[in-house]
Every structure is written in C-alpha cells, then in structure tokens.
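Take the sequence shown: its position 29, counted from the start at 1, is 97 in our numbering, and no numbers get skipped. Yeah, the Cβ is synthetic: ideal placement off N, Cα and C, and Gly gets one too. The structure displayed is predicted, hence computed values, not measured ones. These notes concern the structure reproduced below.
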Amino acid sequence: MNAGVYNALLKQRKQRSHGSQNERAQLTAPTARFGNTTSRAFNKIVLATEDNSPIPKCCFLDGPGGSGKTYLYETLIHFFSAKQQLIISSATTGIAANLLINGRTCHSLFKLPVPITETSVSTMKMDSHNANEIRLAKLLILDECTMASSHLLNTIDKLLQALMNNNIPFGGNVLLLGGDFRQCLAIVPHAMRSAIVQSSLKYIPQAFICNDLVTEVFGQAISLDEIPLLTHRAILCPKNIDVDQINNQVIALLPGESHETEHINSPLEYLNTINPAGLPQHSLNLKMETIVMLLRNLNTKQGLCNGTRLVVNTMTDNVIEAKVLTGLHTNNTVLIPRIDLTSSDLELPFKLKRHQFPIKAAFAMTINKSQGQTMDRIGIYLSEPVFGHGQLYVSFSRVRRSCDVKVEVVNTPYQGTLIQGQDTIFTTNVVYKEVFD
Numbered sequence: 069m070n071a072g073v074y075n076a077l078l079k080q081r082k083q084r085s086h087g088s089q090n091e092r093a094q095l096t097a098p099t100a101r102f103g104n105t106t107s108r109a110f111n112k113i114v115l116a117t118e119d120n121s122p123i124p125k126c127c128f129l130d131g132p133g134g135s136g137k138t139y140l141y142e143t144l145i146h147f148f149s150a151k152q153q154l155i156i157s158s159a160t161t162g163i164a165a166n167l168l169i170n171g172r173t174c175h176s177l178f179k180l181p182v183p184i185t186e187t188s189v190s191t192m193k194m195d196s197h198n199a200n201e202i203r204l205a206k207l208l209i210l211d212e213c214t215m216a217s218s219h220l221l222n223t224i225d226k227l228l229q230a231l232m233n234n235n236i237p238f239g240g241n242v243l244l245l246g247g248d249f250r251q252c253l254a255i256v257p258h259a260m261r262s263a264i265v266q267s268s269l270k271y272i273p274q275a276f277i278c279n280d281l282v283t284e285v286f287g288q289a290i291s292l293d294e295i296p297l298l299t300h301r302a303i304l305c306p307k308n309i310d311v312d313q314i315n316n317q318v319i320a321l322l323p324g325e326s327h328e329t330e331h332i333n334s335p336l337e338y339l340n341t342i343n344p345a346g347l348p349q350h351s352l353n354l355k356m357e358t359i360v361m362l363l364r365n366l367n368t369k370q371g372l373c374n375g376t377r378l379v380v381n382t383m384t385d386n387v388i389e390a391k392v393l394t395g396l397h398t399n400n401t402v403l404i405p406r407i408d409l410t411s412s413d414l415e416l417p418f419k420l421k422r423h424q425f426p427i428k429a430a431f432a433m434t435i436n437k438s439q440g441q442t443m444d445r446i447g448i449y450l451s452e453p454v455f456g457h458g459q460l461y462v463s464f465s466r467v468r469r470s471c472d473v474k475v476e477v478v479n480t481p482y483q484g485t486l487i488q489g490q491d492t493i494f495t496t497n498v499v500y501k502e503v504f505d
C-alpha cells in the first residue's frame, strides 16, 4: 500500500477520534484504575501488537458484566490513537458497538452475510477501503464474541487470512475477542442444548481432530536423523495404560532391534500382570535413540530427577548411557544403572520390589508429567475424558501455537461425536471452580 492511501486512512481515523491531544490527555495514567489482572491483559495485548513474527495473535478477554472490559477497550483505543496507530473496534450487536469509540457491528465491518452459515463468505472486496483499513490496523476488537456463532468467527478467520495473504489464524492480526460465557450464547432457532453448544465458540476445532495421532505427531517411520526433532514432541494421555500402548507403537517405528530387559520381582505371585504407577513396566522394551523419562530422583545436581527426559545412546543389561534432553543439564551424557525399586502404591496388600532401570519410554506421557514442559508439537489422546482439574488446560498449553496440537477422541457416552452425521467433537472437562474463589 502506498503512502498516500495510508495517510488518507490515518487522517480519517484521527478525525473520527477525539484528536491526538485529547487522546494524550486520556493517557496521563492509562492503567491507574486497572487491577492487577487488567494491567496484565493491557500489557500482553500491547506486546502482541509489537510482535511482528508470523504467529497467531488472537486474544480472549474474559470478564463478567461490570468487570471493566469496556474501560480496557477505551484505554487501548486512546493508547494507540495517541501514537497515531489504527485501531478498529466492533461488537456482535449494535448496542454493544455503540458503547465503543468508533464502534460498529462486526457484520458491517467484515461484510458478513445474514444469516451466516458454515459455508458463508464475506462480501468484502480485497481492494476496498475497508480491506485496506483492516490491513493497516494495529489492533482489531470484537466485543460480545460469546454471542457469536462459531460460523461467524470462522468466516472472519477466512476473510482475514485472505486479506493478509497467509494461512495464519485470523491472518496473524492482533484480534482481541471479549465476552462472558456466563451470559447469553448465540441464538440458534428451535435448537436443543447440544446444537447450541456446537454452535458456540467453545468446541474442539476440526483442525485439531485426527484419527491417527502417532502418525500426525511422529510420522509413519522414524529415522535416526529425525530424533533431535522428536525430542520436543509428545503425545499426552490422562492414564498410564494409554501411555504404555502408544509408546510401544512409536518404538516400533524406530529402526533397529529391540533390547528387552525383564525385571526381577519380589514377591513372585502374579506380579508380571501388574504395573503400578511409578514403577517400570513388567518388560522394558527399548531401542537405540528411544526417548525415555526417569521415574526416580537419581542425582539432582546432574539434573537426574523424576520426570527428566533423556534419549538412549547405548545400553547393556545393567547400564544405559543416555543424553539429557530437559533442564539446565541438556545434552549432558549420563549413566543410568539398574536398581531396586519399591512401589509406593498403598492399594497393594504388599510391598512390590523390582530390580529394573528406573525409566520408561516417553514418546507419550501422562498429562500430569507434562506440566511445566514446553513442546514444539503435541498430540492429546483421550480414550476417555480427563479425570482431574486442569488436565485439559495443561494439555493444550504445552505448545505456543494452536496449529501444533492434534487431538484424538475415542467415542464414549461422555465424549466424541456431538451430533450424528456431523464432524463436531466434544469432551468433558473437569474444573473445580472453588479453587478460583
């Protein structure tokens, strides 16, 4: 876009605002009335506008009525207007749009059809005044987004990607969505509860869903040259039984022969049939370059703690040489001995002792073990819904970008296909609301 078009747009925006002098007066203390949470939101939004990297920059501002969302919008508008930067504010309803400085409805701004469906597209022309204005905007605001259907957001997403000529969600624009799921949702005429939930923004996006999670995350085969790339990938599961099955699938993709070590149990009765949490499997099946996780604290000074991830270099019957993958001691070479391990499972009527390597394969891991780690790509395997508070949140927040998450959901009465014949998938989340009080 040439300088003439930019200056013309900028002049129009300044005329519709209160003027730069008034904006600066409004900003003598922009966060003076903010609480800690609102101040953090303001700072994160401003930082997002300063980030020029090609990544998704969609933010969601959650707050009940009267919590100060409108005041935050006004402060942001004054902040960017004082810097002579474009900001465009909109809302899903005319009443809400009138509460915003220079606000308009999202249908007017993005040229959305009425009614809007799954196949709807914007009528905006790529070379129009509106299109150029959106390209220049430092920040886009969409208030009361919780009253919008998922089709509306998907249509805006497709439009912004076309305007910005990329495949980044919402074109990589900083889009601030504000709303409150405690209030009214999108109106779906004559719809049952399940259809209203499906229409809302809170469902698992189809782009996340896959049917072969191992292939999506690790590929159809793994060469030794690819191992460094895979050290920052993992499949997360709520329960250990699924973790073990997936690890065996991924190990089968590795080249080379398996090295199997049988544990020594005491006492002997039926012990080969049980695998308590915190103990290695009955039979430890490994290959060279297998990614593993420690199950015990061996040497905290060397970073060998419960949960440390390593990659196997060489192995014998009694010692494994491995390279540390996580923490301050990354790339250090260490030796892992075969040791006596005792189960702390209080549900067992006896103490179970195993003489085994204190490790397990870690291409897949439990969600709880993943907390605190950042990955490049993850899969989330749900053979059944999560059972603990925060597990679903932890799963999705292990990566920096939503496009690096894939989810496989097994159909049960509590998750899976929401409506027969449609692709929408749901699962049950667990949230203990009292911990937020």
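On the CB-based measure, 16 or more other CB atoms within 10 Å of its CB, does residue i come out buried or exposed?
i: Asp211; result: buried
i: Arg108; result: exposed
i: Thr368; result: exposed
i: Asp385; result: exposed
i: Ser190; result: buried
i: Glu476; result: buried
i: Arg469; result: exposed
i: Asp310; result: buried
i: Glu357; result: buried
i: Glu337; result: The predicted position of Glu337 is uncertain, since its pLDDT is 48 and thus under 50; a value taken from the coordinates is nonetheless stated next. Exposed: under 16 other Cβ atoms inside 10 Å.
i: Ser85; result: Residue placement at Ser85 cannot be trusted, given a pLDDT of 46 that sits under 50; what the coordinates show is reported in the next sentence. It counts as buried.
i: Leu396; result: exposed
i: Val478; result: exposed
i: Gly162; result: exposed
With DSSP as the reference, identify every bridge partner of residue i, one or two as the case may be.
i: Ala159; result: Thr173, Asp211
i: Glu328; result: Asn353
i: Tyr59; result: The shown model of the chain, from 69 to 505, leaves out residue 59, and the question about it has no answer.
i: Asn400; result: None; Asn400 has no bridge partner.
i: Ala429; result: Val360
i: Ala390; result: Val380, Val402
i: Thr368; result: Its beta-bridge partners do not exist; DSSP assigns none.
i: Met126; result: Per the sequence shown, the amino acid found at residue 126 is Cys instead of Met. DSSP output for Cys126 lists Leu243 as bridge partner(s).
i: Thr485; result: Ile493
Here's a check: name, in chain order, each residue in its chain whose Cβ is nearer than 7 Å to the Cβ of residue i, leaving out the five neighbours to either side.
i: Phe425; result: Thr329, Pro348, Leu352, Ile388, Ile404, Arg406
i: Thr299; result: Ile359, Val379, Leu393
i: Tyr500; result: His457
i: Ile145; result: Ile155, Ser157, Ile169
i: Asp225; result: Pro237, Phe238
i: Ala199; result: Met192, Lys193, Leu231
Quick one: what does DSSP say residue i is sitting in, helix, strand or coil?
i: Arg108; result: helix
i: Leu409; result: strand
i: Leu298; result: helix
i: Phe148; result: helix
i: Phe102; result: coil
i: His423; result: strand
i: Leu292; result: helix
i: Thr434; result: strand
i: Ile224; result: helix
i: Ile236; result: coil
i: Cys305; result: strand
i: Gln441; result: coil
i: Leu460; result: helix
i: Asn374; result: coil
i: Val189; result: coil
i: Lys137; result: helix
i: Ser218; result: helix
i: Leu347; result: coil
i: Ile319; result: helix
i: Ser196; result: coil
By Cβ distance, which residues of its chain are closer than 6 Å to residue i, with the 5 residues on each side in sequence left out?
i: Gln317; result: Val282
i: Ser326; result: Asn353, Lys355
i: Ala430; result: Ile359, Val360, Met361, Arg377
i: Gly246; result: Leu129, Lys137, Asp211
Thinking residue i and residue j are a contact (beta carbons under 8 Å), I'd like their distance in whole angstroms, please.
i: Pro124; j: Ile236; result: 6 Å
i: Leu450; j: Pro296; result: Actually they are not in contact, since the Cβ atoms of Leu450 and Pro296 sit about 29 Å apart, beyond 8 Å.
i: Gly171; j: Ser157; result: 5 Å
i: Ala289; j: Met433; result: That belief does not hold up - the Cβ atoms of Ala289 and Met433 are roughly 22 Å apart, past 8 Å.
i: Met194; j: Ala230; result: 7 Å
i: Cys127; j: Leu208; result: That pair is no contact at about 10 Å.
Quick one: residues in its chain with C-beta nearer than 8 Å to the C-beta of residue i, no 5 flanking neighbours on either side, listed in chain order?
i: Ala93; result: Residue placement at Ala93 is flagged as unreliable, the pLDDT there being 49, under the threshold of 50; the coordinate-derived value follows with that caveat. Around Ala93: no qualifying Cβ.
i: Asn234; result: Pro122, Gly240
i: Asn400; result: Gln370, Gly371, Lys391, Val392
i: Tyr482; result: Glu452, Pro453, Thr495, Thr496
i: Ile314; result: Leu281, Val282, Ile303, Cys305, Phe431, Ala432, Tyr449
i: Thr185; result: His219
Is residue i near the ligand HEM, in the sense that its beta carbon is under 7 Å from a heavy atom of that ligand?
i: Ile309; result: This structure does not include the ligand HEM; it has no bound ligands of any sort.
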